[in-house]
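2 protein chains.
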Amino acid sequence: MGDPFDDLNPPPRLMMGPGPINADPRVERAMAMPLLGQFDPAFTEYMNEVMALYRGVFQTENRWTLLVDGTARAGIEACLVSMIEPGDVVLVPIFGRFGHLMCEISRRCGADVRSIETDWGTVFPLERIEAAIKQHQPKVVAMVHGDTSTTMAQPLDGVGAICRAHDALLYCDATATLSGMDLPVDAWQIDAVSAGLQKCLAGPPGSAPVTVNARVEAKVLRRKHIEQGIAPPDAEPGDGPIIRSNYLDLPMLMDYWSEKRLNHHTEATSMLYAARECARIALKEGLPARFARHAVASRAMTAGLRAMGLALFGDQANKMANVTGVVIPEVVEGEAVRSGLLEDFGIEIGTSFGPLAGKIWRIGTMGYNCRKQNVLLCLGALEATLRRNGFTAPAGAGVDAAMAVYDEDGG
Amino acid sequence: MGDPFDDLNPPPRLMMGPGPINADPRVERAMAMPLLGQFDPAFTEYMNEVMALYRGVFQTENRWTLLVDGTARAGIEACLVSMIEPGDVVLVPIFGRFGHLMCEISRRCGADVRSIETDWGTVFPLERIEAAIKQHQPKVVAMVHGDTSTTMAQPLDGVGAICRAHDALLYCDATATLSGMDLPVDAWQIDAVSAGLQKCLAGPPGSAPVTVNARVEAKVLRRKHIEQGIAPPDAEPGDGPIIRSNYLDLPMLMDYWSEKRLNHHTEATSMLYAARECARIALKEGLPARFARHAVASRAMTAGLRAMGLALFGDQANKMANVTGVVIPEVVEGEAVRSGLLEDFGIEIGTSFGPLAGKIWRIGTMGYNCRKQNVLLCLGALEATLRRNGFTAPAGAGVDAAMAVYDEDGG
């Protein structure tokens with residue numbers, strides 16, 4: 001172990017894995033700003049601004065668009081523990097590791113979990129989801145948008161309408177895709193969405209933007225129990241079962257983020273500053289421009305990898321724009337290549353889990369790192385590292401192919 | 412609402428309330444440092460350093476000394492939801508709002524909650540706690556160390572020994588006192604403690620240091636269920652009931668913070684940097700020096716307030732070193748004084764809740780703000796503001812009395 005009294009001095013890295021990635025320096029700067037008291041009028045105004053900004057990022061009019069103070073997983077659990085009453089049937093279509101996480105969390109919330117699965121590297125046709133909803137009649141359908149474990153993005157347009165037809169609420173985990181791929185929450189009728197900052201939003205992990213609509217509000221308000229110690233004497237608890245978490249109780253978070261400002265936790269000031277800056281930067285760039293930037297980087301990265309003679313993983317028609325799965329060539333040892341990239345070039349790429357462990361690398365092009373220079377640097381470094389590890393790609397082919405994509409794109 | 416696209420530009424404040432308070436500028440700077448990947452060897456080394464540093468801050472040898480990624484309340488809930496099995500009897504001695512919070516969270520964890528209460532402004536004699544433990548035979552005793560709602564600090568030396576004699580686990584919420592008042596976790600036999608950064612540790616809210624000993628480890632490991640999606644096929648779940656939260660599941664957090672590095676959430680990088688810096692600064696100052704700094708500020712502040720003709724709230728023998736309760740004089744309107752201090756002087760002091768709402772102000776002297784200049788500035792500003800609001804203190808008496816305390820103290 002190093003000396004814990006040494007100055008903090010993180011080595012410079014280009015983080016081209018599935019996230020976290022390098023934060024935008026403007027976001028890092030925002031976190032260094034002076035703190036404010038949680039009920040300081042200047043701070044509650046920032047809270048309101050954050051709500052407005054994330055309505056833009058989520059493409060929603062939802063009043064309840066706020067931050068959960070924790071990593072992306074806290075946002076997922078806040079939605080699920082508030083939406084799921086013990087005994088509710090919850091349907092989870094699983095196409096990667098994070099589908100299993102939805103099941104896991106739902107089960108801990110007391111759900112009767114039903115799932116359908118598809119091979120890692122594929123997604124579900126809408127019909128299969130519809131059939132499962134008809135069969136199981138779930139109260140909640142929980143789906144991942146982009147599952148970084150497989151690099152696949154599940155098409156969600158249409159799922160919301162099916163859920164409404166069957167009186168189910170649709171929750172979506174958009175941690176890995178928000179602001180990198182299109183996710184029009186209202187247009188697609190998604191009832192609840194949560195995310196994190198550390199992927200396409202180019203911030204640090206530790207704050208989870210969440211948005212829920214009036215259908216979710218109606219369900220969770222039935223379960224509202226104002227906390228003992230601050231409840232007024234005439235407070236009437238809801239007639240639904242109490243939410244199993246206090247920290248992640250959406251109705252109490254709503255009271256804290258509303259004009260009532262009813263005390264709950266102490267809002268994580270610096271993380272809120274970061275979240276505000278992330279959204280401000282994303283909306284200033286404009287969502288369509290941002291989606292296009294991620295899409296071209298994906299085309300350039302995949303073109304470069306193919307030109308190097310590498311095989312891509314999974315159904316390329318449904319691949320996430322911001323993460324690419326690459327099959328590890330048989331002649332090399334995957335971890336040796338990752339270590340070489342990190343030690344010689346300061347570049348991080350991702351390994352994988354479960355059925356894909358040791359079989360694919362995952363290369364991210366997202367947020368602040370999603371730009372031509374990084375695609376080219378990463379491909380060049382990978383080529384050199386593969387060569388030292390026994391796999392020889394055509395010299396320069398990867399970089400040239402990626403450059404050609406950017407040339408065509410005008411970029 | 413302001414323009415959410417404006418640059419972040421928080422007004423300068425001197426935060427002399429019950430927390431959050433101004434962060435040490437070195438902590439703000441730490442948060443602006445570049446991110447690292449969660450399994451980057453440089454980052455996992457920082458995680459190990461954080462564990463070592465907080466062992467120092469908690470005065471413990473506990474292996475499981477780590478951060479929960481959320482505000483102080485997340486740390487409380489992580490301990491309670493992991494330690495409390497549904498049906499367990501939990502005893503909570505309540506001496507302020509945060510005792511009610513312990514009951515509230517315990518109940519959501521499925522506990523059979525028993526409580527004893529004492530008037531706000533007082534604490535419990537050891538004998539009363541012992542009698543309640545004998546009567547209720549709890550599995551867990553949950554206590555607040557310093558309850559900012561009343562400004563009282565419960566003496567805890569001896570409670571741990573009683574709990575062991577009756578086979579109960581002792582959890583303590585040290586959010587408001589850690590590194591400002593002595594809390595020798597091992598010497599006092601406290602089994603689990605959680606805290607936050609935003610009080611005496613002079614950091615931002617959003618990270619919760621937690622330490623648990625081998626007694627807690629033994630209980631929670633019985634409840635270990637490795638998450639679906641990453642569990643090896645031969646994983647054997649514990650024979651205890653599954654923990655109701657995934658995000659706040661201590662056994663999974665232990666696996667993530669151990670050499671296993673089993674993926675759970677993505678550690679909140681910037682908040683970990685902040686937590687590391689907070690602990691490093693506290694230990695460099697030295698805990699005894701830090702406790703003394705808080706104690707003298709408390710004596711100076713209380714001497715100043717008394718000299719102004721103000722009455723202090725609660726049992727002064729058991730007052731927290733870092734927060735002082737002041738009875739609002741009948742002739743003034745409490746909120747008008749708080750607004751005047753904020754608007755004219757940029758100084759924030761606290762209001763109160765529940766039975767004390769409108770009756771007392773709470774003035775903090777903690778962490779980075781716990782220093783002579785702030786005690787003097789705050790007293791001078793309060794004197795002027797009170798005068799404008801109809802309460803005339805002897806001119807200069809508050810500042811002079813506080814200065815005299817520092818003079819006696821050598822400083």
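Same order as they appear, the protein sequences are chains A and B. Going by my numbering, the residue at position 264 of the first sequence is 264; the numbering climbs one at a time, nothing skipped. Going by my numbering, the residue at position 211 of the second sequence is 622; the numbering climbs one at a time, nothing skipped. Where a beta carbon is used, it is the ideal one built from N, C-alpha and C, also for glycine.
Taking a cut-off of 8 angstroms on C-beta distances, the stretch 97-113 of chain A touches the stretch 655-663 of chain B, as three or more cross pairs fall below it. When rounded, the separation of the alpha-carbon atoms in His577(B) and Leu67(A) is 42 angstroms.
In chain A, no part has a C-beta under 8 angstroms from the C-beta of Met554(B); the shortest such distance is about 15 angstroms.
For Asp69(A), the nearest CB of chain B lies under 7 angstroms from its own CB, placing it at the interface with that chain. In terms of Cβ geometry, Gly364(A) and Gly17(A) form a close pair [threshold 7 angstroms].
Within chain A, the residues placing a beta-carbon under 9 angstroms from that of Lys695(B) are Phe5, ordered along the chain. The beta carbon of Tyr658(B) sits closer than 7 angstroms to some beta carbon of chain A. Comparing alpha carbon positions, the residue from Val524(B), Ala522(B) and Gly571(B) closest to Glu538(B) is Gly571(B).
At least 7 angstroms separates the beta-carbon of Ala282(A) from that of Val405(A). The stretch 494-506 of chain B makes no contact with the stretch 463-477 of chain B: fewer than 3 CB pairs, one atom from each, lie closer than 8 angstroms.
Using a 10 angstroms sphere on the CB of Gln189(A), the tally of other CB atoms reaches 16 or more, which defines it as buried.
Close to Cys103(A), with beta-carbon spacing below 9 angstroms, are these residues of chain B in chain order: Gln639 and Gly640. The criterion of a C-beta distance shorter than 7 angstroms is not satisfied by Glu647(B) and Val438(B).
The three-state reading of DSSP puts Pro93(A) in strand, counting E and B together. At a cut-off of 7 angstroms, the C-beta of Met731(B) has no neighbouring C-beta in chain A. Every alpha helix (DSSP H) of 4 residues or more that sits fully in the stretch 78-143 of chain A is shown, in chain order, as 97-108 and 126-136. In the structure shown, the three-state DSSP call for Ser352(A) is coil. Looking from the CA of Ser298(A), the closest CA among Asn389(A), Asn374(A) and Arg223(A) belongs to Asn374(A). For Ser605(B), no Cβ of chain A is located within less than 7 angstroms of the residue's own Cβ.
Taking 7 angstroms as the CB threshold, Glu746(B) stays off the interface with chain A. Think of a sphere of 9 angstroms around the beta carbon of Asp40(A): the chain B residues whose beta carbon falls inside it are Pro421, Pro422, Arg424, Met426, Leu753 and Glu759, in chain order. With distances taken between CA atoms, Ala292(A) lies nearest to Lys372(A) out of Gly37(A), Lys372(A) and Asp7(A). In terms of Cα proximity to Asp6(A), the closest of Ile495(B), Tyr684(B) and Ser669(B) is Tyr684(B). Ser681(B): member of the alpha helix (DSSP H) spanning Thr680 to Glu696, first to last residue. As computed with DSSP, Cys583(B) is found in a beta bridge with Met554(B) and Val604(B).
Membership of Ile771(B) in the beta strand (DSSP E) is indicated by the continuous run Ile771 to Gly775. Ala606(B) is not a Cβ neighbour of Pro595(B), given a cutoff of 7 angstroms.
Segment contact: the stretch 751-771 of chain B against the stretch 392-408 of chain A, fewer than three CB-CB distances shorter than 8 angstroms; contact not assigned.
In this structure, Asn263(A) sits away from Asn62(A), with a CB-CB distance that is not shorter than 7 angstroms.
The stretch 585-593 of chain B makes no contact with the stretch 522-535 of chain B, as fewer than three CB pairs between them are under 8 angstroms. Not one beta carbon of chain A lies nearer than 7 angstroms to the beta carbon of Tyr582(B). Contacts between Glu456(B) and chain A, judged by CB atoms closer than 7 angstroms, involve Met1 and Gly2 in chain order. A direct Cα-to-Cα measurement between Ile94(A) and Ile641(B) gives close to 14 angstroms. In this structure, the beta-carbon distance from Ala613(B) to Tyr582(B) does not fall below 7 angstroms.
Across the structure, Arg164(A) and Trp120(A) are spaced so that their CA atoms are roughly 28 angstroms apart. Against chain A, the beta carbon of Arg633(B) has no neighbour under 7 angstroms; the closest one sits roughly 16 angstroms away.
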